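Step one of this worksheet: look at the structure below.
2 protein chains.
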Amino acid sequence: MYLSKFFIPITKDLPTEAKIKSHQLMLRAGMIKQSSAGIYSWLPLGFKVMKKIEQIVREEQNFIGAHEMLMPTIQSSEIWKESGRFDDYGEEMLRIKDRQGREMLYGPTNEELITDVFRSSVKSYKSLPQLLYHIQWKFRDEIRPRFGVMRCKEFYMKDAYSFDLSDEEAKKSYNKMFYSYLKTFNRLDLKAIPMVADTGPIGGDLSHEFVILAESGESKIYADKKIFEIDPTQYNFDDSSLQKMREDFTKIYAVTDEKYKKDNFNKLVKKENQIITKGIEVGHIFYFGNKYSKPMNCLIDDKDGKKTLVKMGSYGIGVSRLVGAIIEAKYNNEIMKWPKSISPFDVVIIPKVSKNNNENLEKAEKVYIQLKKQNIDVLLDDVDENMSNKFKKHDLIGVPYQIIIGAKSEGDNFEFKELNSKSEILSLEKIKLKLNR
Amino acid sequence: MYLSKFFIPITKDLPTEAKIKSHQLMLRAGMIKQSSAGIYSWLPLGFKVMKKIEQIVREEQNFIGAHEMLMPTIQSSEIWKESGRFDDYGEEMLRIKDRQGREMLYGPTNEELITDVFRSSVKSYKSLPQLLYHIQWKFRDEIRPRFGVMRCKEFYMKDAYSFDLSDEEAKKSYNKMFYSYLKTFNRLDLKAIPMVADTGPIGGDLSHEFVILAESGESKIYADKKIFEIDPTQYNFDDSSLQKMREDFTKIYAVTDEKYKKDNFNKLVKKENQIITKGIEVGHIFYFGNKYSKPMNCLIDDKDGKKTLVKMGSYGIGVSRLVGAIIEAKYNNEIMKWPKSISPFDVVIIPKVSKNNNENLEKAEKVYIQLKKQNIDVLLDDVDENMSNKFKKHDLIGVPYQIIIGAKSEGDNFEFKELNSKSEILSLEKIKLKLNR
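Quick note, the sequences are listed as chains A and B, same order. Under my numbering, the very last position in the first sequence is 599; numbers go up by exactly one each time. Under my numbering, the very last position in the second sequence is 599; numbers go up by exactly one each time.
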């Protein structure tokens, strides 16, 4: 991609409405544009990052055997009346009347709709366990949307639902999702800690929030620092290993503020291991048994032909919110460095361009063609601008690797820089090896 | 994928509410489930097909240099008041009041929002031409939704927008999209004919509908049969070839009913070449110059530094509607055969399974593993059901190739069948070659 052809409205001004660094960066780097309070358009740079996050989430859902589908954004109020949540949900639910006066709503979550899909589709225990998920826009009519995509009205979320015959089987599904979440955040280069959490309007008695530490977080968290030492990659994908995984995490104290009790914290965690800080919730999982299957009469035949209520759980990851959360974690000292797995481009070529001398640009174009041939996604900064401004701009865009074509490049050797590191002079072959690592 | 683990609620009943064959098939094959009038959930089988169509649309948009982004579903009424369409649009627009009483709407189309994004981002002719697109859910509050995903309320659409400095440049963008559409439909194995069309609520004076012929179509079309003989693959992606392409298509009579005039038709088209039939609109492109840039004051600096109104066009493809349209075109004599490019699976293995004999199933599993190793996406029908029922089921699912493991398979040779053709006995190596063609 040539930068001059890309749609990336970078702005030098620090937007006054943006109070946290992810919101500032996303506006300055032209990743998003607000269309109305709490509602954003995703411009190509932001969109590209969000899509890469979405794809990692998808792959890790598929890995544990979840099936992707898609439920609509607009739902009928009827199923919400069946579950009892139509009245309970409060004003955050965007309620709509269609032209015929029917009560509709923009789904803030999908427990009711998936239960309705399931009860009309599955009759027998033979089809269980079943994991279904979708990645779809949700809407919550926040009274004070803020922090950019971190607390906005229209947001992109992966929500999965599990269906099992018994509590015991259902816990296995819960563990699979727990595992999938650890793997997902690991691939996003995030240290996300599962914390015992309150279940809120979703309901149930077993719930974990996955939280990354960040000053700007809205959740207060209390933890034993030993929980940060567990290596999530040590577990295998089988029921007993997954059970051990959850036990390993659960036996160490880590809770969000709704679950915090001072006495417990002091009793269970040594003073020197106590961590009290703030975090950003990036995922939340729930097990709630028959909370929805009971009022909505979602029954299946068990092995003896007896009708039984299906046991359900739900599992969310905020895909659009993760873009902001990752920036909160990775943007420091005015330099953004995207994790390689979700960077908008693999590498950026920055030639020193001037009106009277095309030599560097021509060199850059040759390198560009060679890298493209290797399926490396390259951004070429062909803009006529001084190098100091260019570097500042690329500190915002955050592509982790740069090939700088100026005074230091000679023949087939180029200045290669990883953000936050020193540059080195390397042959194009060596650069390719580094990029393909 | 093992069929027994897949979420695919196939039903033998012919749904009474479904009047056309695509709607019937999609319900029977468990591709969709209605959640409320005109609103559907996409179950895994339907979702998979829709995603493949989406990806082809995306690749062909990217090919012509369009940049993908994403605008939200919920928009403020303010920009629609600027353009004058808030009052004009009528009751099909789903109007919403948020909790603070602000007038919002669920976007039926995005000319206003993209104009707002553009006017705040681009100031200079140097950034032109610019093509932006997104693939997003839209909502039209149809009074009588019908025909399944063909005329529903919530639908998935690719809409692109072009921005140019002059009418002349803008026509080049129009031609690029025209070309992209021909290529897209070609890859979907559809014969879509560009027809001169009315511009309706989008506006402008140049517009083409891309229509496929189908008995169930809602558009009446009048054409010279010579237009079906133009080979769209003969044109190159350069301005002069694209101009010739549009001229070649445009000089042959082909119009939708709003543009039809009997006298013209009889004067311009020989009696024996006249085609009067019905069709399904799968794409629609518009050039409308400054219809939106003028009321919304979307200005750019031209080469002389003079402010000038940007010239715009818009370009839609109904992605969810295409799933239905392709079924209308390809589902005949109770057999659905998906085009290879968008089939939910590359091949299905159908072993003859019985309770007391696992031999065929074990053979099938070995073949399954070997095909998976080659990145072939395989469905394995491991269900215990008689073969006649299995074949009927797979006539609905529509995977174009079958490997049948029963009496006729011997050693490493298997019965291989392309839907609507005779089966043959082939070695697995030969089958792999056929699938990778």
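We treat Cβ as the ideally placed atom computed from N, Cα and C, and that holds for glycine. These figures come from a predicted structure and were not determined experimentally.
Less than 8 Å separating the beta-carbons of B:P206 and A:E230?
-> yes
Nearest candidate by alpha-carbon position, reference A:N575, set A:T277, A:R313, A:N522, A:Y397 | A:N522
Taking the alpha carbon of A:G475 as the point to measure from, which residue in A:G246, A:Y397, A:F340, A:L375 has its own alpha carbon closest?
-> A:F340
Using a beta-carbon distance cut-off of less than 7 Å, what residues from the region 478 to 511 of chain B approach chain A?
-> none
Can you give me the Cβ contacts of A:D419 inside the same chain, cut-off strictly under 6 Å, excluding the 5 residues immediately before and after it?
-> K382
Taking 8 Å as the CB-CB cut-off, is B:K535 touching chain A?
-> no
Have a look at the DSSP bridge pairing and note the partners of A:D321.
-> For A:D321, the pairing in a beta bridge is given by DSSP as A:H296, A:G478.
Quick one: measure Cβ to Cβ for A:I215 and A:Y336, integer angstroms, because I've assumed they're closer than 8 Å.
-> Their Cβ separation, rounded to whole angstroms, is 23 Å, which puts A:I215 and A:Y336 out of contact at 8 Å.
Alpha carbon to alpha carbon, what distance is there between B:D544 and B:N537?
-> 20 Å
Under 8 Å (Cβ pairs) to chain A, residues found in the region 270 to 287 of chain B = L275, D278, V279, S282, S283, V284
Proximal residues to A:V405 (C-beta, below 7 Å), its chain only, five neighbours per side dropped = Checking the displayed sequence, the identity of residue 405 of chain A turns out to be Gln instead of Val. Excluding positions up to five away in sequence, the list reads N337.
Which residues in the same chain as A:Y164 place their Cβ atom closer than 7 Å to its Cβ, once the five residues preceding and following it in sequence are excluded?
-> Beyond the five residues adjoining it in sequence on each side, A:Y164 comes within less than 7 Å, by CB distance, of L542, D544 in the same chain, given in chain order.
Starting from the beta carbon of B:M188, find every residue of chain A whose beta carbon is closer than 9 Å, and list them in chain order.
-> Residues of chain A passing the Cβ test: none, with the nearest at roughly 13 Å.
Answer yes if the region 241 to 249 of chain B comes into contact with the region 241 to 253 of chain A, meaning at least three C-beta pairs across the two stretches below 8 Å, and no otherwise.
-> no
Note down, in chain order, every chain A residue with its Cβ under 7 Å from the Cβ of B:L294.
-> F169
Residues bridged to A:A385 [DSSP beta-bridge criterion] = A:A416, A:I437
Is the Cβ-Cβ distance between B:T178 and B:R190 less than 8 Å?
-> no
State yes or no: is the beta carbon of B:N178 nearer than 8 Å to at least one beta carbon in chain A?
-> In the sequence as displayed, the identity of residue 178 of chain B is Thr instead of Asn. Cβ-Cβ to chain A under 8 Å: no for B:T178.
Quick one: what's got a C-beta closer than 6 Å to B:S166's C-beta in the same chain, skipping five residues either side?
-> D544, V545
Compute the beta-carbon to beta-carbon distance between B:G480 and B:M319, rounded to the nearest angstrom, for a pair I have assumed lies under 8 Å.
-> 5 Å
Cβ shell of A:I438 (< 6 Å), same chain only, five flanking positions each side left out | Y384
Per-residue contacts from B:I305 into chain A (C-beta, under 8 Å) = R261, Q262
For the alpha helix (DSSP H) holding A:L595, just list the boundary residues, first then last.
-> 590 to 598
What is the rounded straight-line gap between the Cα of B:I512 and the Cα of B:E496?
-> When only Cα atoms are considered, B:I512 and B:E496 end up about 19 Å apart.
Just the Cα atoms here: how many angstroms apart are A:D367 and A:T346?
-> 24 Å
Confirm, please, whether the CB-CB distance from A:F372 to A:I182 is below 8 Å.
-> Going by beta carbons, A:I182 and A:F372 fall outside the 8 Å limit.
Report buried or exposed for A:P307, applying the criterion of at least 16 other Cβ atoms within 10 angstroms of its Cβ.
-> buried
Hey, is the region 458 to 473 of chain B in contact with the region 344 to 361 of chain B, meaning 3+ C-beta pairs nearer than 8 Å?
-> no
With C-beta atoms as the reference, is B:R261 less than 8 Å away from A:D303?
-> In this structure, A:D303 lies closer than 8 Å to B:R261 by Cβ.
Just how far apart, CA to CA, sit A:Y493 and A:L375?
-> 14 Å
For A:W204, which residues in chain B fall below 9 Å Cβ to Cβ?
-> The contacting residues are M231, L232, M233, P234, H296.
Can you tell which of A:Y563, A:K525, A:E274, A:R264 has the C-alpha that lies nearest to the C-alpha of A:A569?
-> A:K525
Flag B:L290 as yes if its beta-carbon sits less than 8 Å from any beta-carbon of chain A, otherwise no.
-> no
Whether B:W500 touches B:P457 by CB criterion (8 Å) = no
Within this structure, are the beta carbons of B:G486 and B:V311 separated by less than 8 Å?
-> Between B:G486 and B:V311, the C-beta spacing is below 8 Å.
Cross-strand partners of A:G451 (DSSP beta bridge) = A:M474
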